[in-house]
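Okay, so here's the structure we're looking at.
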Amino acid sequence: MDIGLLHYMVLSSIVLFIGIFGLFLNRKSIISLILSVEIIILAININFVAFANYWGDFKGQIFVLFTLTVSASEIAVVLVALVQYFNKKSSVWVDDLSNLKG
Amino acid sequence: MIEPLMFYMFSALLILACIAVIFAKKPMYSVLFLIFAFFNTAGIFLLQKAEFLAMTLVIVYVGAVAVLFLFVVMLINNRKDYQFKIFTKYNLVLFTLVLVMVVEIYIYAMKGLGGFATPVANPIFLDTKNFVHNLGLTLYDDYYYVFIVAGLILTVAMIGAVVLSLTDTVTPSKQQDVFLQNMRSKEESVVLKKVEDEQGIN
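Chains A and B are the protein sequences, given in the same order.
Residue numbering for the first sequence follows the working numbering, starting at 1 and increasing by one per position.
Residue numbering for the second sequence follows the working numbering, starting at 1001 and increasing by one per position.
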């Protein structure tokens, strides 16, 4: 059986839902949250490349380039902010992030 | 024969790696499993004639972003493990919803695409020699604006990351405190020392 578009779509949706599971289960640790978001973005990239291969069109792969760009810059800023916060608070559990609580 | 084998191997390892990212005991293991997932995704991209994207994923995403993750995880060493329960009553609703969504995607995809054995649509090929030629023709011709905006996003992210990492100990502010300067007394500023001949002051 040849590998068609639907195979890649199912794979992409499975990885997407694994990422959503990770978001829900790992709510207490910030690093696990960021990793789950990364898994979701990975699933979207697989979906784009699958459709780009299906239609023979190029726009899918170019969009993946830009998704990688934006994801990399977002991770950089988020991680630097996390390190700075950890220097002050010494904890990465989401329950302790209550400085702004009135 | 070889292509379905490769696809199933890469996708099985990818799914296992993603599950391991969530359920790993230590955050370092999660990041390493994520790197493994990225490598398997690069293999999947290779199967779909996206060699440039596969190498970009490995070089940029794994080589820069995941390594940054590793450094940050090593800096933030949280000792205690958080134990989460998988089967709570809140997660039951989540599992049902996800199951419904997966079944729905499957049904609609089957209806729309007509089953698993899908024919390839009419491809639109540019008259190019290889991928990079194609990339250059399309990216700089049709999507130059998005390309420039992506460069701007990277610049802003770089400036933001550098600015966020400045603390008071790294860059102490060299401001003058006029009050302190005016409150200096003679005793704390000037000291009279008796010097021997050819001895000097250390």
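By construction, the Cβ of each residue, glycine as well, lies at the ideal position given by its N, Cα and C atoms.
DSSP-derived helix/strand/coil call for residue i
i         : result
B:Ser1185 : coil
B:Ser1165 : coil
A:Ser36   : helix
B:Ser1173 : coil
Residues near residue i in its chain [Cβ-Cβ closer than 7 Å; skip 5 each side]
i         : result
A:Gly60   : Phe48, Val49, Phe51 and Ala52
B:Val1163 : none
B:Phe1045 : Leu1053, Ala1054 and Leu1057
B:Leu1034 : Val1021 and Ala1066
A:Asn26   : Ser32, Leu33 and Ser36
B:Phe1131 : Glu1051 and Phe1052
A:Ile18   : Ile39
Contact list for residue i against chain A, beta-carbon separation under 7 Å
i         : result
B:Tyr1143 : Ile62
B:Ala1161 : Ala76, Val77 and Val80
B:Leu1094 : Phe24
Burial state of residue i, where buried means 16 or more other Cβ atoms lie within 10 Å
i         : result
B:Gln1181 : exposed
B:Thr1056 : buried
B:Val1156 : exposed
B:Tyr1061 : buried
B:Met1009 : exposed
B:Gln1176 : exposed
B:Leu1014 : buried
B:Ala1064 : exposed
Proximal residues of chain B, C-beta to C-beta of residue i below 7 Å
i       : result
A:Ile44 : Ordered by position in chain B, no residue passes the 7 Å Cβ test against A:Ile44, which lies about 11 Å from the chain.
Enclosing alpha helix (DSSP H) for residue i [first to last residue]
i         : result
B:Val1058 : No alpha helix (DSSP H) holds B:Val1058; DSSP gives it neither H nor E.
B:Ser1011 : Ile1002 to Phe1023
A:Val78   : Lys59 to Lys89
A:Phe21   : Leu5 to Leu25
B:Tyr1217 : Residue coverage of chain B in this structure runs from 1001 to 1202, which leaves residue 1217 of chain B outside it and unanswerable.
B:Phe1087 : That residue, B:Phe1087, is in no alpha helix (DSSP H); it is neither H nor E in DSSP.
Cross-chain neighbours of residue i in chain A, by beta carbon under 9 Å
i         : result
B:Phe1069 : Ile31, Ile34, Leu35, Glu38, Ile75 and Leu79
B:Thr1171 : Result: empty, since nearest Cβ-Cβ is about 13 Å, beyond 9 Å.
B:Asn1182 : Those do not exist, as B:Asn1182 stays about 34 Å from chain A at its closest Cβ, beyond 9 Å.
Within chain A, the residues that residue i reaches when beta carbons sit closer than 8 Å
i         : result
B:Asn1134 : Phe58
B:Thr1056 : Leu65 and Leu68
B:Thr1041 : Leu42, Asn45 and Ile46
B:Ile1086 : Leu25
Own chain, CB closer than 8 Å to residue i, minus 5 neighbours either side, in chain order
i         : result
B:Met1074 : Met1028
A:Ser71   : Glu38 and Ile41
A:Ile46   : Tyr8, Leu11, Ser12 and Val15
A:Thr67   : Ile41, Ile44, Asn45 and Phe48
Close beta carbons around residue i, own chain, < 6 Å, minus the five adjacent residues each side
i       : result
A:Leu23 : Ser36
Chain B contact residues for residue i, given Cβ-Cβ distances below 8 Å
i       : result
A:Ala69 : Note on identity: in this sequence residue 69 of chain A is Thr, with Ala being the wrong assignment. Ala1150, Ile1153 and Leu1154, listed in chain order.
A:Asn53 : Gln1048, Lys1049 and Ala1050
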